[in-house]
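In our numbering, the protein residues as written are 192 to 308.
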Amino acid sequence: DGNGVIDSCEGYTEEDCDDNGVPDDCELADNDCNGNGRLDVCDIADGDGDKGCDGILDICQCPADFNGSGVVSFEDLVVLISTWGSCTTDCPTDIDCDGEVGLSDILELLNTWGQCS
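Right under this line is the structure:
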């Protein structure tokens, strides 16, 4: 009917945790990477991990795998160290999103060392 809500969901009165007017059950297929029955954006708002500050739950990605190899390894540590200090632009090595690459980011990297799950 052109109102932006999937017709099969119109009149649905279930939870809408992101307050976008679309029932969460109608959005889960593409927006629930951890399969817990809640939208990822709502999990993040409730404090679940998004250290990458990218709107994707940490459990659904491997934020310290900077070279995309599927493994957090020495190569990723080298990338992190090479960007040490304050971030002035997009800074994927700032794992904890505090505006600088530092000791806490190394600790996060070491905590995820090895094969990404």
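Even glycine gets a Cβ: it sits at the ideal position worked out from N, Cα and C.
By DSSP's criteria, residue i is part of a beta bridge. Which residues make up the other side?
i	result
Ser277	Glu291
Val262	Gln306
Considering just the uninterrupted stretch of the alpha helix (DSSP H) at residue i, what are its terminal residues?
i	result
Val232	231-236
Ala323	The structure shown does not extend to residue 323, since the chain spans only 192 to 308, so no value can be given for it.
Asn222	219-222
Which same chain residues, not among the five before or five after residue i, have their C-beta less than 6 Å away from its C-beta?
i	result
Ser295	Asp287
Cys253	Cys307
Glu205	Pro214, Asp216
Ile250	Asn225
Give me, in chain order, the residues of the same chain whose beta-carbon lies closer than 8 Å to that of residue i; leave out the 5 immediate sequence neighbours on both sides.
i	result
Cys233	Cys208, Asp209, Asp215
Gly228	Leu219
So residue i and residue j are in contact, right, with Cβ under 8 Å, and what is the actual spacing, rounded?
i	j	result
Thr284	Phe257	6 Å
Ala255	Leu298	Actually they do not touch by this definition, with Cβ atoms about 10 Å apart.
Cys278	Gly259	Cys278 to Gly259, Cβ: 20 Å. No contact.
By Cβ distance, which residues of its chain are closer than 7 Å to residue i, with the 5 residues on each side in sequence left out?
i	result
Leu248	Cys224, Asn225, Asp231, Asp234, Ile235, Asp239, Gly240, Asp241
Gly305	Val262, Val263
Thr274	Cys282, Thr284, Val292
Asp267	Ala255, Asp256, Phe257, Asn258, Leu300
Cys244	Cys288
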